[in-house]
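*Asks:* Below are the structure tokens for one structure; questions will follow.
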Amino acid sequence: MITRTGRKPRAISFRPVFVLVAFMAFGAWVGVTGYLYARNVALKDTQARLQQLSEQARALSLQLSEEQNRNDMLAGEAAEMLKQLDQLEAEIDRLRERAGLPKLEVTPARGESQGKDGQGGGVPLDTEAMLKLTAERIKTLTGNLSAKIEPALEQTLAKEAARPVGYPLKVHTYIASGFGTRRNPFGRGYEFHDGIDLPAWYGTPIYATAPGKVIEAGWSNIYGYYVKLDHGYGYRTLYGHMSRILVKRGQVVKRGEVLGKVGSTGRSTGPHVHYSVYVWGKAVNPVPFLEAPAYAKR
Ligand SMILES: [Zn+2]
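Residue 68 in this note's numbering sits at position 68 of the sequence shown; the count goes up by one each step and never skips.
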């Protein structure tokens, strides 16, 4: 029955099946709509969440890349430090070699402490480990420098300062007769020449080739008027055939100080200096001593 105010009521009849179907259809529509609505809400929620997540991920990745950059920079610095340390160690080793000391014993370099193969082999050090290693090596090196190298170096420098260097003459000369076995200039056969002969004009000054003390200054049938110097560290030099001796036994002389004058006294055929170099009592070839040593040229 359907009634409206002021009108006659109307009667509409439905079949019960129709009513049932209509109710079921309505119910289905409400259900579907509700489901769709709920789903839509959930979807929007998920979308928002996804957006948020992606923003977080972006921020994180930015942070990470910054961290990575900083890490790379630190690693670069550490690597540079290690490189400089290597150079410093090599330099110190060269000094130690000059001082006659064995090579440095430092903390093992990158990866050397680990096995070359098997576990741990070839694993690159991270920045922290590298910086730690660097700090350790700096400590070792500093300790080495002050405790071992400095005294050795001082001794080395003293030894190098005592080494005879250059010609005993400041005028142009040449090696008229070298070190070693030679023909006897006065007769038959061969003899051993324990120095070199450097010709120069009669009266040319003869100079000490290293600082030292005059241990002999006098006459010898072989060397004529001669001077022998002791430079310490096993080094001695002899200057022979002088026309005049200008130093006295026991006198301390500097490098380059005048010892006497060129002559032809003793077993000599003309004005020249006979120059001998001794190392720990043994006459050696003076030629290597005429040139400045390699370390002085660097
Ligand atoms: Zn000679």
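We treat Cβ as the ideally placed atom computed from N, Cα and C, and that holds for glycine. For clarity, every value in this text was computed on a predicted model and none was experimentally measured.
1) Which of helix, strand or coil does DSSP assign to G143?
2) According to the Cβ coordinates, are H272 and V262 closer than 8 Å?
3) Whole angstroms are fine: how far does the CA of P151 sit from the CA of G111?
4) Using 7 Å as the cut-off, classify the Cβ of S264 as near or not near the heavy atoms of ligand 1, replying yes or no.
5) Are there any heavy atoms of ligand 1 lying less than 7 Å away from the beta-carbon of G195, as far as the coordinates show?
6) Please report the straight-line C-alpha distance between G281 and T269, rounded to a whole angstrom.
7) What residue from L198, S264 and I215 has the CA that sits closest to T173's CA?
8) Measuring straight from C-alpha to C-alpha, what distance separates V284 and T204?
9) Verify whether the separation of the beta carbon atoms of L238 and L259 is less than 8 Å.
10) Does at least one heavy atom of ligand 1 sit under 7 Å from the Cβ of S243?
11) With 16 as the cutoff for other CB atoms within 10 Å, does M242 come out buried or exposed?
12) Should Y275 be flagged as near chain C, meaning a C-beta pair shorter than 8 Å?
13) Would you say the beta carbon of H274 is closer than 7 Å to some non-hydrogen atom of ligand 1?
14) By alpha-carbon positions, which one of D45, M130 and K103 ends up nearest to A78?
15) Assuming Y235 contacts P168 (C-beta within less than 8 Å), just tell me the rounded distance between them.
16) According to the neighbour-count rule (16 or more other Cβ atoms, all chains shown, within 10 Å of its Cβ), is P53 buried or exposed?
17) Output the distance between the C-alpha atoms of A210 and G143, rounded to the nearest integer angstrom.
18) I need the straight-line Cα distance from K159 to K132, nearest angstrom please.
19) Among the candidates K228, M73 and A59, whose CA atom is the shortest distance from the CA of Q251?
20) Contact defined as beta carbons within less than 8 Å: I believe P286 pairs with H231. What is the distance between those atoms, to the nearest angstrom?
21) Which residues does DSSP list as the beta-bridge partners of G281?
22) Could you tell me which of G189, G180 and V171 sits nearest to W201, measuring between CA atoms?
23) Do E154 and Y207 have their beta-carbon atoms positioned less than 8 Å apart in this structure?
24) Report the partner residues of V262 according to the DSSP bridge assignment.
25) How close, in whole Å, do the beta carbons of G240 and G224 come, if the pair is a contact with beta carbons under 8 Å?
26) Looking at the strands, I want to know which residues DSSP matches up with K44.
27) Please classify L89 as buried or exposed, where buried requires at least 16 other C-beta atoms within 10 Å of its C-beta.
28) Which whole-angstrom value describes the C-beta separation of S220 and I196, a residue pair presumed to lie in contact below a C-beta threshold of 8 Å?
29) Provide the residue span of the alpha helix (DSSP H) that contains F186, from first to last.
30) Using 10 angstroms around the beta-carbon of R58, count the other beta-carbons present and answer buried if the total reaches 16, otherwise exposed.
*Replies:* Quick look at the numbers:
1) Looking up residue 143 in the sequence shown gives position 143. DSSP places G143 in helix when its eight states are reduced to three.
2) Here residue 272 refers to the residue found at position 272 when the sequence shown is read from its first residue. Here residue 262 refers to the residue found at position 262 when the sequence shown is read from its first residue. Yes, they are a contact pair.
3) In the sequence shown, the residue the question calls residue 111 occupies position 111. In the sequence shown, the residue the question calls residue 151 occupies position 151. Note that G111 scores 46 on pLDDT, short of 50, meaning its location in the model is unreliable and no value can be drawn from it.
4) Residue mapping note: residue 264 aligns to position 264 of the sequence shown, counting from 1. S264: no, Cβ never under 7 Å from ligand 1.
5) As a position in the sequence shown, residue 195 is number 195, starting the count at 1. Indeed, a heavy atom of ligand 1 lies less than 7 Å from the Cβ.
6) Counted from its first residue, the sequence shown places residue 281 at position 281. Counted from its first residue, the sequence shown places residue 269 at position 269. Cα to Cα, the separation comes out at about 27 Å.
7) The residue labelled residue 173 in the question sits at position 173 within the sequence shown. Among L198, S264 and I215, the Cα nearest to that of T173 belongs to L198.
8) Taking the first residue of the sequence shown as position 1, residue 284 is located at position 284. Taking the first residue of the sequence shown as position 1, residue 204 is located at position 204. The alpha-carbon atoms of V284 and T204 are separated by roughly 25 Å.
9) As a first step, residue 238 is located in the sequence shown; it is residue number 238 there, counting from the start. As a first step, residue 259 is located in the sequence shown; it is residue number 259 there, counting from the start. No; because the gap between Cβ atoms is not below 8 Å, this pair is not in contact.
10) In the sequence shown, residue 243 corresponds to position 243, counting from 1. Result no, Cβ not under 7 Å from ligand 1.
11) Sequence index remark: in the sequence shown, residue 242 carries index 242 (1-based). Buried is the call here.
12) Protein chains in the displayed structure number just one, and chain C is not present.
13) The count along the sequence shown starts at 1 and reaches residue 274 at position 274. Within the cutoff, so yes.
14) Within the sequence shown, numbered from 1, the residue matching residue 78 stands at position 78. Nearest of D45, M130 and K103 to A78, Cα basis: M130.
15) For the purposes of this step, residue 235 is identified with residue 235 of the sequence shown, where counting begins at 1. For the purposes of this step, residue 168 is identified with residue 168 of the sequence shown, where counting begins at 1. Incorrect: roughly 14 Å between the Cβ atoms, too far for contact.
16) To locate residue 53, count along the sequence shown from 1; it is residue 53. Here residue 53 is Leu; the residue named in the question, Pro, does not match the sequence. Label assigned to L53: exposed.
17) Taking the first residue of the sequence shown as 1, we reach residue 210 at position 210. Taking the first residue of the sequence shown as 1, we reach residue 143 at position 143. Those two C-alpha atoms are separated by around 34 Å.
18) What you label residue 159 is simply residue 159 of the sequence shown in a count that begins at 1. What you label residue 132 is simply residue 132 of the sequence shown in a count that begins at 1. Their Cα atoms are separated by approximately 38 Å.
19) Reading the sequence shown from its first residue, position 251 is the one you call residue 251. With distances taken between Cα atoms, Q251 lies closest to K228.
20) Translated into the one-based positions of the sequence shown, residue 286 becomes position 286. Translated into the one-based positions of the sequence shown, residue 231 becomes position 231. Between H231 and P286 the Cβ distance is about 13 Å, and since that is not below 8 Å, they are no contact.
21) Within the sequence shown, residue 281 is the residue found at index 281, counting from 1. Paired residues: none, contrary to the question.
22) The sequence position of residue 201 within the sequence shown is 201, counting from 1. Here the closest residue by C-alpha is V171.
23) Here residue 207 corresponds to residue number 207 of the sequence shown, with the count starting at 1. Here residue 154 corresponds to residue number 154 of the sequence shown, with the count starting at 1. No, the pair does not count as a contact, with Cβ atoms beyond the cut-off.
24) By 1-based counting over the sequence shown, the position of residue 262 is 262. In DSSP, V262 forms a bridge with M242.
25) The sequence position of residue 240 within the sequence shown is 240, counting from 1. The sequence position of residue 224 within the sequence shown is 224, counting from 1. Rounded, the Cβ-Cβ distance is 6 Å, consistent with contact.
26) Position 44 of the sequence shown, counted from the first residue, corresponds to residue 44. DSSP, once it has assigned bridges, lists no residue as partnering K44.
27) Against the sequence shown, residue 89 aligns to sequence position 89. As written in the sequence, residue 89 is Glu, which differs from the Leu given in the question. Classification for E89: buried.
28) To locate residue 220, count along the sequence shown from 1; it is residue 220. To locate residue 196, count along the sequence shown from 1; it is residue 196. Actually they are not in contact, since the Cβ atoms of S220 and I196 sit about 17 Å apart, beyond 8 Å.
29) Along the sequence shown, one-based indexing puts residue 186 at 186. Unbroken run through F186: none, as it is neither H nor E.
30) As a working note, residue 58 is residue 58 in the sequence shown. Looking at its Cβ environment, which holds fewer than 16 other Cβ atoms inside 10 Å, R58 is exposed.
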